[in-house]
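Chains as they are written, first to last, in this note's numbering: chain A, 1 to 390; chain B, 1001 to 1447. Built from N, CA and C at the ideal position, the CB exists for glycine as well. Structure first, commentary second.
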């Protein structure tokens, strides 16, 4: 027994000595950034895209120089399971346990709204790349977002339908149960009716998440004689709707929103979607400069074109790192540094992102241009027009 | 043959440990835990840096261990770089757990047997409520000190306590009454929305619900009213399930209740006055740890009284054989009605708490995923048992948090555990065990 315990003690001492050597090596001079993203749950593609973009960023820029001192970047990926409770837990954990300087994510509004509350309470800068709910950043000085908002995107599409397609009567088909499509559908309706007068949106048809049969709604839309159909839906639903429309004999244009660009739209929709337009954050086909470099490198690394989640995560990360650089000097006191980063974020002007130049409004929402793309005959999203806020 | 009998005769390690702790009353454990958490506040930081841990282990070292394991898994599968020196964090986390929790708990609990028993015996002379209050106060003190160390612990603890109450409220229907109800997240949603309507509508300015109606500083005192309002609305809606349950049983009732869940969800999605799919945010920050603890303790107390009353025994009779129960003059309709309404009430209250912890509520939170989670807690912990619900909710919450670094493998490990539990203990870990408050809080007499 005695032999055993002295052996145990000796090995313990050895192990402790070993750990000291190992841990002390890399602890200092790192900048930690947390990722609150859905790696499992209902929407793992979103989490995977975010993580891919972040890993690629880290590979390209492993070090950051702030005020003459070089820091190693360190990323913490934590899974929020696409659940609000988990997003709150993850944000608290990243802030209090990992001691991150800033947080990227959550991507979807249902998690970004409660997680934004946590970030703001702990005075930690957070950028949600993809959340469109106004409540995410409302009255929260520490919370920012990387994408344009629906009140801007709605009029872009309404103007496009009027100017380029000459539409006078529009129909809308949207998912009433999901936050994003519903909001956008309403903004589009408002903008279109402002141009053409009340009642010019002749059909405002809805369905519920998971519906597969759209024939009833399409029949109504066909009867109204609308010139254009607006479908602010996700890539998985768009093919079903487009096919239902074609079966009913719809030959006029169909317009989409930035959600068309997330995921594998062309793989699911094939030839049916060619020739339609949608508004989005950037156009992959025919991109130039930094955007093209990003797309090429991403495609080479992961074997697929980056979706808008990946592009927006990349830009949000770029914004965060730029703000850290702009602070001039990090004091090492994490609480003071977080506030400094927030102030730097708020004062960033014309950040050259791959999804366009960005400047934050006082609410933490970016002012940036939207792009209207056309799905060309090769199935690529081709740049058609750029619309900037006035 | 010999081996199966062996533990009792020669005294296996578990048996001996059991014997060692047999005379310790709950009060002794509480004192032990209090010493542990205070000891952690004093020595935790120092010890963890002495052990070379990057940060104080927050969930009894579990999180530290699984983070390292996740690193190994990623190394094996994706070839990510793994620092082999990190491997020592696993034994170090265990050392931490032993030094901070296990050893002091064992020593203090065992050493305090005599005074603790004497005190418990003394307290027993008073009405049960006083004994209970003293020990619950001590329990709260333990949790409070434990959660003080880190805000992550605090949010984890809050959500776990809510999960305990929610699980127990489902256990009334699925465990004690033996029906399979899928409607519970729906009740929770109603409670969450209605209490938010109460607090946000009356006391906070919000875009969806308009300006505050009342504006006084002691408004948080109305929070119990908000929770009760949420609970009552949930039980009102539970009538939709309770009435069909008179004539429907088993799978068919399960389908009706599932339909109810979808009705509730799409109701809130389409209800623009309540924010639709965007939900309501900006709930006042009233769900603090003491509020949640008191609500949970009160909930457990009333639920336990309910299921041990005549009405509770009638529930069991209905579960075992409805026609026999009817023949023995049990009013089955009244019984079922009471069970559904009572279960829904507490589900509504836990929903109200959840909404005020997250300070946000939207319909997507109460989907089938939530249902799967709470069913797992009920069946993992054990049917027909208060202990079971507590154990189930706490262990699933703890596992969910500890296994988070494993990402997708978490969803292999937890279901696998559930399958194993279902094979070896088909009714759950601690099923059909009555919770006798007098015995729990009282002294342990050693023979």
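- When secondary structure is reduced to three states using DSSP, residue 234 of chain A falls in the coil class, being assigned neither helix nor strand.
- Residue 277 of chain A is bridged by DSSP to A:255 and A:374.
- Remark: fewer than three beta-carbon pairs, one from each stretch, lie closer than 8 Å, so the segment 1367 to 1384 of chain B and the segment 1033 to 1044 of chain B are not flagged as touching.
- When the Cα atoms are used, residue 1412 of chain B and residue 69 of chain A turn out to be separated by approximately 44 Å.
- Residue burial annotation: residue 96 of chain A is buried, with at least 16 other C-beta atoms found within 10 angstroms of its C-beta.
- Taken atom to atom, the span from the alpha-carbon of residue 144 of chain A to that of residue 316 of chain A is near 9 Å.
- When C-alpha distances from residue 1224 of chain B are compared across B:1298, B:1445, B:1385 and B:1397, the shortest belongs to B:1298.
- By the neighbour-count criterion, in which 16 or more other beta carbons inside 10 Å mark a residue as buried, residue 52 of chain A falls on the buried side.
- The beta carbon of residue 1353 of chain B sits closer than 6 Å to the beta carbons of 1162, 1287 and 1292 from its chain, once the five residues preceding and following it are set aside; these are given in chain order.
- Taking the Cβ atoms as the reference, residue 146 of chain A lies roughly 19 Å from residue 39 of chain A, outside the contact range of under 8 Å.
- Of the candidates A:29, A:37, A:30 and A:193, the residue whose Cα lies closest to the Cα of residue 309 of chain A is A:37.
- Per DSSP, reduced to three states, the secondary structure at residue 152 of chain A is helical.
- Contacts between residue 1269 of chain B and chain A, judged by CB atoms closer than 7 Å, involve 176 and 177 in chain order.
- Between residue 1151 of chain B and residue 1355 of chain B, the alpha-carbon positions lie close to 18 Å from each other.
- Against residue 110 of chain A, the close residues of chain B are 1362 and 1364, in the order they occur along the chain (beta-carbon pairs closer than 7 Å).
- Taking a contact as a CB-CB distance under 8 Å, the pair residue 202 of chain A and residue 188 of chain A does not count as one, their CB atoms being some 13 Å apart.
- Boundaries of the alpha helix (DSSP H) harbouring residue 1070 of chain B: 1062 to 1078, taken from the DSSP string.
- Residue 79 of chain A: member of the beta strand (DSSP E) spanning 69 to 79, first to last residue.
- In the DSSP annotation of this structure, the continuous segment of the alpha helix (DSSP H) that includes residue 266 of chain A starts and ends at 265 to 269.
- For residue 1125 of chain B, there is no enclosing beta strand (DSSP E), since its DSSP letter is neither H nor E.
- Between the alpha carbons of residue 283 of chain A and residue 269 of chain A lies a gap of roughly 18 Å.
- By the CB criterion at 8 Å, residue 214 of chain A and residue 244 of chain A fall inside the cutoff.
- Residue contact check for residue 117 of chain A against chain B: a CB pair falls below 8 Å.
- Within the model, the alpha-carbon separation for residue 83 of chain A versus residue 1156 of chain B is close to 14 Å.
- Within the model, the alpha-carbon separation for residue 1345 of chain B versus residue 1149 of chain B is close to 33 Å.
- Among the residues facing chain A, residue 1214 of chain B is not included, as its CB has no counterpart in that chain under 8 Å away.
- Residue 1152 of chain B belongs to the set of residues whose beta carbon lies under 8 Å from a beta carbon in chain A.
- Within the model, the alpha-carbon separation for residue 198 of chain A versus residue 150 of chain A is close to 20 Å.
- Interface criterion met: the Cβ of residue 182 of chain A is under 8 Å from a Cβ in chain B.
- Put simply, the CB of residue 1412 of chain B is far from chain A, with every gap to its CB atoms at 8 Å or more.
- Among the residues of chain A, those whose CB is under 7 Å from the CB of residue 1058 of chain B are 97, following chain order.
- Using a Cβ-Cβ cut-off of 8 Å, residue 1159 of chain B counts as an interface residue toward chain A, since at least one Cβ of chain A sits closer than that to its own.
- For the segment 106 to 169 of chain A, the continuous alpha helix (DSSP H) assignments of 4+ residues that do not extend past its boundaries occur at 109 to 121 and 150 to 163, in sequence order.
- Using a CB distance below 7 Å, the part of the segment 1275 to 1293 of chain B facing chain A consists of 1276, 1277, 1278 and 1281, ordered along the chain.
- Linking residue 1031 of chain B to residue 1249 of chain B through their CA atoms gives a straight-line distance of about 47 Å.
- The Cβ-Cβ distance between residue 262 of chain A and residue 235 of chain A falls below 8 Å.
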